[in-house]
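Notes for the one structure printed next.
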Amino acid sequence: MPAIFEHHLQVGPEAIDGVGHVNNLEYVRWLQDAAVAHSSAQGWPPKAYRELGHGWVVRTHTIEYLAPAYLNDEIVVRTWIADMKRVTSLRRYEMFRKSDQKKLIMASTNWAFVRFSDHQICRIPASVSDCFQLVADAN
């Protein structure tokens, strides 16, 4: 599996705001969908985390909006793990419109690994961290 994962989607009418382009909240949803799809492809779908009793929660999102997306645009979200520490992981993203390769956003999410029973941050087990290849800079 490549270190940089690509998640594809098409903009539907539910994503469009009153200005006629994709609402900023949709981008956050798509980032999370891409992260879950990448984790699943690496052998860690949501069910596996539930069985482990541990998983990821967002600490911070950073998004730089570069260009708008519109109804029916085909979008590619590229995501990769930039850093994996003892209890956190930094995931980066780039989002493109497929038709013209226009970069729409650059983003990152700092994820913390938590125990579901008490929501306490805990060490990322090697069984999880070893499944992800780090990419220092994909730009």
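For any residue, its number in our numbering is found by taking its place in the sequence shown, counting from 1, and adding 148. Every residue, glycine too, gets a C-beta built ideally from N, C-alpha and C.
Other residues of its chain near residue i: CB distance less than 7 Å, five sequence neighbours each side excluded
i: residue 211; result: 175, 253 and 255
i: residue 181; result: 155
i: residue 279; result: 190, 191 and 192
i: residue 220; result: 158 and 159
i: residue 216; result: 169 and 170
i: residue 194; result: 184
i: residue 264; result: 201, 202 and 203
Alpha-carbon to alpha-carbon, residue j and residue i
i: residue 165; j: residue 239; result: 27 Å
i: residue 188; j: residue 150; result: 13 Å
i: residue 249; j: residue 185; result: 21 Å
i: residue 260; j: residue 222; result: 30 Å
i: residue 228; j: residue 266; result: 28 Å
i: residue 178; j: residue 241; result: 10 Å
i: residue 161; j: residue 274; result: 41 Å
i: residue 230; j: residue 167; result: 34 Å
i: residue 209; j: residue 199; result: 26 Å
Spatial neighbours of residue i in its chain, beta-carbon cut-off 6 Å, leaving aside the 5 residues before and after
i: residue 244; result: 224 and 251
i: residue 153; result: 186 and 227
i: residue 272; result: 261
i: residue 281; result: 151
8 Å CB neighbourhood of residue i in its chain, flanking five on each side removed
i: residue 262; result: 202, 203, 204, 205, 268, 269 and 270
i: residue 235; result: 260, 261, 269, 270, 271 and 272
Those residues which DSSP pairs with residue i across a bridge
i: residue 211; result: 255
i: residue 204; result: 261
i: residue 304; result: Since the first residue shown for the chain is 149 and the last is 287, residue 304 is missing from the structure and cannot be characterised.
i: residue 154; result: 226
i: residue 282; result: 229
Beta-carbon proximity check, residue i vs residue j, cutoff 9 Å
i: residue 213; j: residue 172; result: yes
i: residue 277; j: residue 237; result: yes
i: residue 163; j: residue 257; result: no
Contained beta strand (DSSP E) runs [length at least 3] in the stretch 220-276, N- to C-terminal order: 222-232, 236-245 and 251-263
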